[in-house]
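Numbering (our numbering), first residue to last: 521 to 752.
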């Protein structure tokens, strides 16, 4: 697939619009359980062979329409993040199985599947996989980093963010919120730098960068409100 890469390993990826049966095979083999299309109107259509192959393999297809060179609304970003959260929850449930169950699942996967991982993931795209895709990926990275607890399914992201802060001496506001579940407040520029290390053209359009800032501010305000509520 064109412009394909993970931004959170095993959990969240972006690409250009898939259009061939080979693309469909890559989606299935990559264990992308949900495919989110950000194209609008008549552009939000897949060739029938691709749709049939995805449907036959249980891939859920979702459309969140955004005009080209525009940015998602707060509501659209939250809708996308709710999809990501469901996958995180499902992966955490899988990863917290007993050791014997996990070992059995691994052996069964090796015998019966060509997939390289057990965890499910979300794949999002627009037309080229750059502007709208990068903005939505940024929203999801911020959501996972700020709004979800540190867990087995999200640990990789937190480890990479910590390394990025140390290696590049980026502004660090890694405040641990003394609440359950554990949450950490990363500086906005750290999250932007992380995203661009994975998708170098992300958030280059001013309206899309502004939308990310609005979403980041929204998440931080929610986290602080939750902290204050727990202290009362």
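Backbone N, C-alpha and C fix where the C-beta goes; we use that ideal spot for every residue, glycine too.
All values derive from a computational prediction rather than experimental measurement.
Output the distance between the C-alpha atoms of residue i and residue j, rounded to the nearest integer angstrom.
{"i": "residue 672", "j": "residue 716", "result": "24 Å"}
{"i": "residue 712", "j": "residue 589", "result": "18 Å"}
{"i": "residue 756", "j": "residue 741", "result": "Residue coverage of the chain in this structure runs from 521 to 752, which leaves residue 756 outside it and unanswerable."}
{"i": "residue 616", "j": "residue 550", "result": "22 Å"}
{"i": "residue 614", "j": "residue 607", "result": "11 Å"}
{"i": "residue 602", "j": "residue 593", "result": "14 Å"}
{"i": "residue 757", "j": "residue 646", "result": "With the chain represented from 521 up to 752, any question about residue 757 goes unanswered, as that position is not in the structure."}
{"i": "residue 652", "j": "residue 565", "result": "17 Å"}
{"i": "residue 743", "j": "residue 724", "result": "27 Å"}
{"i": "residue 734", "j": "residue 681", "result": "21 Å"}
{"i": "residue 670", "j": "residue 738", "result": "19 Å"}
{"i": "residue 524", "j": "residue 683", "result": "23 Å"}
{"i": "residue 706", "j": "residue 687", "result": "15 Å"}
{"i": "residue 635", "j": "residue 556", "result": "Annotation note: pLDDT 40 at residue 635 (below 50); position unreliable, coordinate value reported separately. Residue 635 and residue 556: Cα-Cα distance of roughly 21 Å."}
{"i": "residue 745", "j": "residue 598", "result": "18 Å"}
Taking all protein chains shown into account, do 16 or more other C-beta atoms lie within 10 angstroms of the C-beta of residue i, making it buried, or fewer, making it exposed?
{"i": "residue 644", "result": "buried"}
{"i": "residue 640", "result": "buried"}
{"i": "residue 611", "result": "buried"}
{"i": "residue 552", "result": "buried"}
{"i": "residue 685", "result": "buried"}
{"i": "residue 731", "result": "buried"}
Given residue i, which residues of its chain have a CB within under 6 Å of its CB, disregarding the five upstream and five downstream residues?
{"i": "residue 587", "result": "560"}
{"i": "residue 522", "result": "536"}
{"i": "residue 708", "result": "736"}
{"i": "residue 596", "result": "584"}
{"i": "residue 727", "result": "591"}
{"i": "residue 676", "result": "529"}
{"i": "residue 548", "result": "577"}
{"i": "residue 650", "result": "721"}
{"i": "residue 554", "result": "580, 603 and 642"}
With H, G and I counted as helix, E and B as strand and the rest as coil, what does DSSP make of residue i?
{"i": "residue 716", "result": "helix"}
{"i": "residue 729", "result": "helix"}
{"i": "residue 648", "result": "coil"}
{"i": "residue 539", "result": "coil"}
{"i": "residue 581", "result": "strand"}
{"i": "residue 588", "result": "coil"}
{"i": "residue 670", "result": "coil"}
{"i": "residue 525", "result": "strand"}
{"i": "residue 561", "result": "helix"}
{"i": "residue 602", "result": "helix"}
{"i": "residue 555", "result": "strand"}
Considering only residues of the same chain and omitting the five flanking positions on each side of residue i, which have a CB-CB separation below 7 Å?
{"i": "residue 674", "result": "608, 664 and 668"}
{"i": "residue 657", "result": "527, 532, 534, 644, 715, 719 and 722"}
{"i": "residue 546", "result": "521"}
{"i": "residue 660", "result": "532, 600, 601 and 604"}
{"i": "residue 544", "result": "538, 570, 573 and 574"}
{"i": "residue 679", "result": "none"}
{"i": "residue 648", "result": "523 and 536"}
Considering only residues of the same chain and omitting the five flanking positions on each side of residue i, which have a CB-CB separation below 8 Å?
{"i": "residue 567", "result": "539 and 540"}
{"i": "residue 562", "result": "none"}
Mind checking if residue i is an interface residue toward chain C, Cβ cutoff 9 Å exclusive?
{"i": "residue 574", "result": "Note that chain C does not occur in the displayed structure, where there is just one protein chain."}
Meets three-Cβ-pair contact criterion under 8 Å: the stretch 659 to 674 and the stretch 573 to 584: As far as the Cβ criterion goes, the stretch 659 to 674 does not touch the stretch 573 to 584, which means the pair count is below three.
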